[in-house]
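For the sequence shown, numbering that gives the first Met the number 0 assigns the number 0 to the initial residue and increments by one for each residue that follows. Everything on this sheet refers to the single structure shown next.
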Amino acid sequence: MERKIMHIDMDAFFAAVEQHDNPAYQGKPVIVGGDPNSRGVVSTCSYEARKFGIHSAMPIGEAFRRCPQGIFVPVRGRRYAEVSGAIMKIMNQYTPLVEPLSLDEAFLDLSGSERLFGPAEQIGREIVNRIRSELGLSASVGLAPNKFLAKLASDLEKPGGFVIITADNMAEILEDLPIGRLWGVGPKTEAHLFEIGIRTIGMLRRANPTLLTDRLGESGRQLYQLSLGRDDRQVETEEDQKSVGHEITFQDDTDDREFLAGVLLWLTEQVAVRLRRLNLKGRVITVKIRDLNFNTLTKRVTLGKTTDFEEEIFREALRLAEQVKWGAKKVRLIGVSVSGFDDRKPEQLGLFDELDQENDKDLGKLHQTVDELRDRFGADIILKGTSLQIKERFKQGH
Ligand code: TTP
Ligand code: MG
């Protein structure tokens, strides 16, 4: 089923807030960043100021030379954060799947919202209208089947844009865009691609995928997928992001199951120690495995109660890892994380749980001691048998 992913990005955000809060600034070049005599740089500026060639990260002095009649104002971070909160709140009324990327932009997964609120396009228009009427600000929207295309779309017709990318118009829109617009292409990759004569996304799509992987390794493969408009990253809510995790990338891909189980234990211990230091207990255990082809698999389980014990986390993590169909493929990265810290549900006591709780108390005391020792002598002082071996293997460069 095709997903409905939306990316919303506010237009000239900091400057727009200033124009809203000071109506006298409306329709004028407003430059946010501070005093024209300061040595700072421009945070952003209103579209009226952009006509003078002013942009983010430009030295303020330079902006002043270009537009001495401009209105120069300081950054009011707290105010922007407050407005950002109000924007995210509106978005959250249409889907729980909102992933804020910064104060002024977010991804929304509207795939499940259509039955309740109507077509995704209509929802997007409603959100933009509400941001305008309730907050007096302008936003640009991209709607597409995935994150990469949605973010690209929201930027195409700024300010006030509303661009929909579908399977029908995708190839045409991507065709002439410079490869720098692809997610993950920085100056280095761009230079590599230029060397082999690839300048646009269209050219990348027509390139030989084998040549790309030869040149750029696995990222070549990923970029090729993006050039075809394919991207299966999920929208991750703040809740998802509220996790404590640890992962490791191997220098040499491995398919040694026993070794991987040991690594998992080692990772789990790090996570459990951090959870206890942060005074957090979670009920969701997630295992992430990336194979040598860069396919990433995640498996998660929700426990009946929250935990910060490595024994429990490890037991679940190992079970999850064993469920992953690795095929014959070697593993490049493995990670484990704990989330779901929200403790609204009271922990229900089952028949044997009271006993468990006693055990938990003892274990809790033990962990406290272990953590104290670790604090005193360094994290490696107490490691269980297997994970000690892992540590040794890493030291030997495996
Ligand atoms: P952007 O969304 O990149 O810019 P914008 O919202 O001002 O303008 P556009 O219409 O092009 O989206 O960044 C959001 C805010 O982040 C911006 O208002 C100010 C801040 N910011 C900086 O402080 N420094 C920077 O270099 C950039 C790019 C942004
Ligand atoms: Mg913006």
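Using N, Cα and C, we set each Cβ at its ideal position, and we do this for glycine too.
Quiz prompt | Separation of Arg256 from Lys328, as counted between CA atoms | solution = Residue 328 sits at position 329 when you count from the first residue of the sequence shown. Residue 256 sits at position 257 when you count from the first residue of the sequence shown. Near 12 Å, if we compare the C-alpha coordinates of Arg256 and Lys328.
Quiz prompt | Gln92 to Leu109 span [Cα, whole Å] | solution = On the sequence shown, position 93 is the one that residue 92 refers to. On the sequence shown, position 110 is the one that residue 109 refers to. Answer to the nearest angstrom: the Cα atoms are 11 Å apart.
Exercise. With a threshold of 6 Å, establish whether the CB of Ala152 neighbours any heavy atom of the ligand TTP.
Key: As a first step, residue 152 must be located in the sequence shown, where it is residue number 153. No; taking the cut-off as 6 Å, the Cβ of Ala152 has no heavy atom of the ligand TTP nearer than that.
Practice problem: Report all residues from its chain with a CB closer than 6 Å to the CB of Thr212; omit the five preceding and five following residues, and keep chain order. | Solution: On the sequence shown, residue 212 is found 213 positions in, with the first residue counted as 1. Closer than 6 Å at the Cβ level, and outside the excluded window around Thr212, lie Gly219 and Arg220.
Quiz item: Between the stretch 7-21 and the stretch 134-153, do three or more beta carbon pairs fall short of 8 Å?
Solution: yes
Self-check item: Continuous alpha helix (DSSP H) assignments of at least 4 residues falling wholly in the stretch 189-276
Solution: 200-205, 208-215, 217-226, 237-240 and 256-276
Practice problem: Would you check whether the ligand TTP has a heavy atom nearer than 6 Å to the C-beta of Phe13? | Solution: Along the sequence shown, read from residue 1 onward, the residue named residue 13 stands at position 14. Yes, the ligand TTP has a heavy atom inside 6 Å of this Cβ.
Practice problem: Would you list the residues sitting across from His6 in a DSSP beta bridge? | Solution: Here residue 6 refers to the residue found at position 7 when the sequence shown is read from its first residue. Phe106 and Gly141.
Quiz item: Does the stretch 223-231 come within contact of the stretch 201-211, defined as at least 3 CB pairs closer than 8 Å?
Solution: yes
Exercise. Using 10 angstroms around the beta-carbon of Pro95, count the other beta-carbons present and answer buried if the total reaches 16, otherwise exposed.
Key: The residue given as residue 95 occupies position 96 in the sequence shown. When all chains shown are included, Pro95 counts as exposed.
Exercise. Determine the direct distance from the alpha carbon of Gly60 to that of Ile53, and round the result to whole angstroms.
Key: Position 54 of the sequence shown, counted from the start, is the residue given in the question as residue 53. Position 61 of the sequence shown, counted from the start, is the residue given in the question as residue 60. The straight-line gap from Cα to Cα measures roughly 11 Å.
Practice problem: Tell whether a beta-carbon distance below 7 Å holds between Val162 and Ala149. | Solution: Here the question's residue 162 lines up with position 163 in the sequence shown. Here the question's residue 149 lines up with position 150 in the sequence shown. Taking 7 Å as the Cβ cut-off, Val162 and Ala149 do not qualify as a contacting pair.
Practice problem: Let me know if Gly183 comes out buried or exposed under the rule of 16 or more other beta-carbons within 10 Å of its beta-carbon. | Solution: One-based indexing of the sequence shown puts residue 183 at position 184. Its Cβ having fewer than 16 others within 10 Å, Gly183 is exposed.
Exercise. Per DSSP, which residues does Ile284 bridge with? Please list them.
Key: Against the sequence shown, residue 284 aligns to sequence position 285. In the DSSP output, where bridge partners are listed per residue, Ile284 has Val300 and Val337.
Quiz item: Near Asp355, what residues of its chain come up, given a Cβ to Cβ distance below 7 Å and the 5 sequence neighbours on each side ignored?
Solution: As a working note, residue 355 is residue 356 in the sequence shown. Since pLDDT at Asp355 reaches only 49, below the 50 mark, its modelled position is unreliable, and no value is offered.
Self-check item: is_contact[Gln224, chain D] using C-beta, thresh 7 Å
Solution: No chain D is present in this structure, which holds just one protein chain.
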